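Taking full-length UniProt numbering as reference, the numbering of the sequence shown is continuous, increasing by one, and the terminal residue is 207.
Beta carbons are placed, not taken as given, at the ideal position from N, Cα and C, and that holds for glycine.
The structure presented is a predicted model; accordingly, all values stated were derived computationally and were not measured.
Reviewing the structure listed below.
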Amino acid sequence: MSEETEIKEKSSLRKRADEIKEHRCKNLIAVLEEPNMIKNIGTVIRNINALGVEKLYVVDSQGRLPEDWQDMRERRSLIKPSVSAIKWSFVKTFKSTQACIDHLNNNRFTSVVTSPHIKGKTNVILHEGNFTQKRLAVWFGNESRGISELAVENSEACIQIEMFGIIESLNLGTSSGIVLYEIAKQRRKYQNENKRGRKSDPKIKVK
Ligand SMILES: C[S@@+](CC[C@H](N)C(=O)[O-])C[C@H]1O[C@@H](n2cnc3c(N)ncnc32)[C@H](O)[C@@H]1O
Numbered sequence: 001m002s003e004e005t006e007i008k009e010k011s012s013l014r015k016r017a018d019e020i021k022e023h024r025c026k027n028l029i030a031v032l033e034e035p036n037m038i039k040n041i042g043t044v045i046r047n048i049n050a051l052g053v054e055k056l057y058v059v060d061s062q063g064r065l066p067e068d069w070q071d072m073r074e075r076r077s078l079i080k081p082s083v084s085a086i087k088w089s090f091v092k093t094f095k096s097t098q099a100c101i102d103h104l105n106n107n108r109f110t111s112v113v114t115s116p117h118i119k120g121k122t123n124v125i126l127h128e129g130n131f132t133q134k135r136l137a138v139w140f141g142n143e144s145r146g147i148s149e150l151a152v153e154n155s156e157a158c159i160q161i162e163m164f165g166i167i168e169s170l171n172l173g174t175s176s177g178i179v180l181y182e183i184a185k186q187r188r189k190y191q192n193e194n195k196r197g198r199k200s201d202p203k204i205k206v207k
């Protein structure tokens, strides 16, 4: 690529980044708890970038990812499945579920978990919930074990995508895309209609 083409490409990406800025969902974080496959992490990064989710947190006790975002941005195994979205979406890692919960609590985030199964005290079908709380973290579980009891205990609700097939669950990339699409859609609408802020957080379970 010539230097001139590179400069043009960079400035058009900057322009796009400026255009979408106000449509991104403020204070919305997706959390992956102990994902096994780098390819799935890349897919979720692509989803969060496309849907305007602010950040991705990854609980990664096995050290599958570099700790530093700058180093992740250089990793081919993340660049490819995320189609370079890793360069534009911030990712932070945690050594344990508890460390991630502590960080979110210290920053006054409400957590919700996702599972194909009924978990914890409050369960909500995705399209029946209200997800416009001021600061929201949405957790997704491991590919085979699902979400941990610790994450469930520290969440306000467990979200289910309704399924009508024989199989037990959707995969991580698909389920994160579906859940975050609905949540980001609700939050963008709320942000547009309530530019002056909010009085209090709504309950997640409406019905
Ligand atoms: C492949 S699934 C894990 C399946 C695992 N056997 C379990 O018991 O959850 C990976 C993750 O995708 C999300 N997921 C998959 N299907 C879902 C559904 N129907 N509703 C909500 N989340 C789902 C959950 O976060 C789940 O932990």
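Query, Result
"Of the residues Ser148, Tyr190, Glu128, Arg135, the one placed nearest leucine 104, counting alpha carbons only", "Arg135"
"Serine 77: CB within 7 Å of a non-hydrogen atom of ligand 1", "no"
"Helix, strand or coil at glycine 141 according to DSSP, with G and I counted as helix", "coil"
"Coil, strand or helix - glutamate 6 by DSSP", "helix"
"Three CB pairs or more closer than 8 Å across the region 137-150 and the region 115-123", "yes"
"Heavy atom of ligand 1 within 7 Å of isoleucine 147 beta-carbon", "yes"
"Contact check, alanine 30 vs isoleucine 48, beta carbons under 8 Å", "yes"
"Ligand 1 heavy atom lying under 7 Å from the CB of histidine 117", "yes"
"Where glutamate 193 sits in the DSSP three-state scheme", "helix"
"Cβ contact (3+ pairs, closer than 8 Å) linking the region 154-162 and the region 75-85", "no"
"Cβ-Cβ distance between isoleucine 204 and glycine 129 below 8 Å", "yes"
"Cutoff 6 Å; reference lysine 95; Cβ partners in own chain excluding five residues on either side", "Ser61"
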